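The working numbering numbers the first residue of the sequence shown as 345 and each following residue consecutively. Heads up: the structure comes next, in C-alpha cells.
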Amino acid sequence: MLEHSNYLGFFSLAALAACITSQALAQQPPVAKKIPYKLENPSGARVDNYYWLKERSNPEVLEYLKAENAYTEAVLKHTEPFQGKLFSEIKARIKEDDSSVPFKYGDYYYYRRYEQGFEYPVYARRKGSPEAAEEIILNANEMGKDKAYFMVNFPSIRPDHKMIAFAVDTGGRRFYNIYFKDLETGRVYDEYISSTSGNMEWANDNKTLFYVKQNPETLRWERMLRHTLGGAEDSEIYFEKDETFEISISKSNTDKYIFMRTGATLSTEYRYLSADAPGDGLKIFYPRQEKLEYDVEDGGDVFYILNNGDARNFKVSVCPKDKTVRENWSDLLAHRDSALVESLEVFKNWLVLKEREDGLPRLRVINRPGNDAHLVKFDDPAYVADFGDNFEYDTDWLRFTYESLTTPLSIYDYNMVSKEKNMMKRQIVLGGFQPDAYVSERVWVTARDGEKVPMSLVYKKGFKNDGTHPAYVYSYGSYGYSTDPDFSSVRLSLLDRGFVYAIPHIRGGSEMGRRWYEDGRQMKKKNTFYDFIDATKYLVEQKYAAPGHIYAEGGSAGGLLMGAVLNMAPELYKGVLAEVPFVDVVTTMLDPDIPLTTGEYDEWGNPNNKDAYDYILSYSPYDNVAAKAYPNILITTGLNDSQVQYWEPAKLAAKLRAMKTDNNILLLRTDLDVGHGGKSGRFESLKLAALEYAFFMDLEGIKE
C-alpha cells in the first residue's frame, strides 16, 4: 500500500506516462478495415465505416475481436503481476464459506451459502428452526463445474415445499431453461421448459407453474404461459402485442394471487388471477393509460395501489377487491413534492413505504389502516436502505438491508410494534478492515444551469483536500435508476492507495425525485452528461482531486455516459473505463430488430422523429468521435451480450483508433464466453476488476 507521502510526485509523472505510452506503441494496434455503409432514414443520412462489425457470423469480425484481445493482453502484460496481487488482495477480503440470513417461508428457513474455494452458491433450508438440520436443495457448484458461463437463480419453491423449479442460463444471453427437482427423492425430472426469461411462479395446486418467455430475436418478455407437471403442451394465456411493453409475473405476499404486470417506460397495466384457480383467465385490474404507472399489492380485504395518477412522485391508493377501476381508488397517502415513493411492502397489520427525500432513502412504517406512521432512523451521511426478504404476511417483523460507503451490507429485523431493531448479519470483510478507517461525505455540486446535484464521496481517514490525490468517479444516470452509495470491499483497493471515490447523483436517475429522472431523459438527456462533467470539475475546484489524475467508470447506459463525456470533456480525465457501453444510440434506436429497442423510445426518444433524431445524434458517442486527443481508454464487452450488442463497443474502439490524435492507450477487451452481466462465478468476476484497477493504477504510477 502506498501512503500519501510515498506517492510519485504528480507533476513529475511525465516520464512515467511517456514510458507507458511507449509500451503501448511498441505493440501493433489492430486496425479495422473501413467498408462505407450508408444509413438512410427520413430523419437523415449517415455513413458508417464499421457497420460490418455487426456481422456475427463473419469470420473477420471474430478475428478482429481476437486481435484486439491480443493487443490488450500485450499492452497490459507488464501489469500481470500487479493484477495477480490485486486479485489476491480483493479475494482475501471475502469470507469464502459465508451464508445469507435465513428467511422464513412456511415451516422452513431458506438460505444461500458458499463453500471455501467454490464459485457458485449452495441453496439449503432447515425445517422449523434456523438451528435445525440442514437440507441441501440445490448445489450450483455441481451443475456449473466445467462451464464457461453458468447462472442459476434462487429456486422457486412449490407451496407444499416438496419441489423446486430452478432456472439455468449457460450462454450468458439470459435464456433460461427451467428444471424441476423433487425434494423428497432428490430426483431432477426429465421434463423441462426451454428458453425462458427465468421469471416464474407456482400456483397453489402444486402442479401448475406460470412463466414468461421472451421474443427469440428482440428478447422482449412478451408471453405468459401455463405449464402443468406431467401435462401436455404448455398453454399461452397472454401475449403482449405492443412492442414497447413487456411483461413480468409475481405472486402476492398473501399467496392469493398471481399478478401479471405489463409495462413500458411510462405506462403500466396489471392483470391477475387466483392462485387457487390456475385454470382461470386473467382479469384486468385497470387498463393502461399513457403516463399512468401503477403497481398493485394484495392487502387481504383490499388492494393497495402505488401510482402516479396526478402525483409525479407517486402516492398510495386503496380500492375494494371487486371495484378496481381508477374511479374507485381512494388516496391513503397523498402526494408529496418532497418525497418520491419508490416501493411498497404490505403486511396484515402494516404498510411499509420505501421513500426517497433529498436523495436519501428512508422506510416509513404505517399501522393499517393508515392511522399512525413512523420512520426507521439511519445515521450515515450517505447510505442505502431497502427491503429484504419479507415472505411472511402475518408478522410484525420487517426485514430490511442497510449499507453505506463505509458500512458493509447489513441485514436487520425490525419490530414494527416496539421499534426494536436487531442486526441479523453484517457482511464480513476480512483483511483487517475497520469501518472507522474510512470517511464518507455528501456534498452539493452547482451544475451549469444552477441545479444542485448531490455527490457522495469516500476516502481513507487522513485524506487532505490539498489537490494531490487521484479520483475515481462513477455514475449511471438513466432509466430513473438511482446510483446509491453502497459498500464495496473491492473499492477498498482504491481507497487504500489514496484515491477519493466519487458518485455524482446525476439527472437521469431518481435520487431527487421523479423530476430528476424527467430532467435527464429524451430531449433533456445532455443534463446527465453535464452533471457528471460539472461534478468532476468540482472535485478539482475543491481540491479533492489533482487535475489530470481523474479516472471515470460507467457501464451499459453508464457506458453511454462515458462515451459522451469522452467527446465533450476529454481533457478532464486521465483514464476512462467504459463497460458494455451503449454508444451507437441512433443506429440502435432505428433498428427495431435489435433486442429491447422498441421499449426504449420513452427513454431516449424515437429517432424516426426528426427533432429526436437530431438531438440524439448530437450526443451519440459513436457519431461524435472526432479528430482530437482522448484520454487513456479501456472498453470491455461480451460477445454474447443481449442488451448492448458487442458491435457497439467494437465500433467505438475502431473509430476512435482511426481518428484520435493522441498517443494514449486505447484497449478493447471482449470476453468471448459471456453476456451483459460478465463472468458468472464470484471469483472470476474479480479478475476483471483487478485488471481494470491495474490499468488505472499503472497510469497513476502505483505499482503495488
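Virtual Cβ for every residue (Gly too), placed ideally from N, Cα, C. Since the structure is predicted, the reported quantities are computational estimates derived from the model, not experimental observations.
Shown here, TYR888 sits in coil according to DSSP, grouped into three states, outside any helix or strand. Separation of GLY919 and LEU1000 (C-alpha to C-alpha, rounded to the nearest whole angstrom) is 14 Å. Per the coordinates, the alpha-carbon of PHE462 lies some 16 Å from the alpha-carbon of SER444. Looking only at GLY811, ASP442, PRO425 and VAL909, the smallest Cα-Cα distance to ALA973 is reached by VAL909. Under DSSP, PRO664 shares a beta bridge with VAL646. Below 8 Å, too few C-beta pairs join the segment 721 to 741 and the segment 575 to 593 to call them touching: fewer than three. The distance from the Cβ of VAL930 to that of SER964 is about 5 Å, consistent with a contact at the 8 Å cut-off. In the DSSP assignment, no residue is bridged to ALA1034. Straight-line spacing of the CA atoms in MET604 and ARG567 works out to 10 Å. The beta carbon of PHE735 lies closer than 8 Å to those of PHE447, LYS448, TYR449 and ASN597 in the same chain, with the five residues before and after it left out. Within the segment 959 to 1019, the complete alpha helix (DSSP H) segments of 4 residues or longer fall at 991 to 1003, listed in chain order. When DSSP states are grouped into helix, strand and coil, GLN771 belongs to the coil group. Rounded to whole angstroms, the separation of the alpha carbons of LEU527 and HIS505 is 8 Å. Inter-segment contact for the segment 847 to 865 and the segment 797 to 804 is present: three or more beta-carbon pairs are separated by less than 8 Å. DSSP, reduced to helix, strand and coil, places ILE593 within a strand of the structure shown. Here LEU695 carries a strand assignment [DSSP, helix/strand/coil]. Following the DSSP letters along the chain, one finds LEU753 in no beta strand (DSSP E), marked with neither H nor E.
Taking GLY821 as reference, the option from PRO374, ILE847, TYR533 and LYS1004 with the minimal CA-CA separation is ILE847. Straight across, the Cα-Cα distance linking TRP694 with VAL640 is about 16 Å. Its chain contains ARG851, ASP863 and GLY864 as the residues whose beta carbon lies nearer than 6 Å to that of ASN871, once the 5 sequence neighbours on both sides are disregarded; these appear in chain order. Runs of the beta strand (DSSP E) lying entirely within the segment 786 to 861, each at least 3 residues long, are 796 to 804, 815 to 818 and 844 to 848 in chain order.
For LEU749, the CB contacts under 7 Å within the same chain, skipping 5 residues up- and downstream, are ALA726, SER784, SER800, VAL802, PRO829 and PHE831 in chain order.
Note on the segment 479 to 560: whole beta strand (DSSP E) runs with a minimum of 3 residues are 507 to 513, 520 to 526, 532 to 540, 544 to 546 and 552 to 558, in chain order. When DSSP states are grouped into helix, strand and coil, ASP451 belongs to the coil group.
Taking a 10 Å sphere around the C-beta of LYS421, we find fewer than 16 other C-beta atoms and assign the residue as exposed.
Cβ neighbours of ALA791 within its own chain (closer than 7 Å, five residues either side excluded): VAL797, TYR874, ASP875 and ASP878. Taking PHE1040 as reference, the option from ALA998, TYR917, ASN952 and SER962 with the minimal CA-CA separation is TYR917.
Distances from the CA of ILE628 to each of TYR945, ILE581 and THR609 were compared; the closest alpha carbon is that of ILE581.
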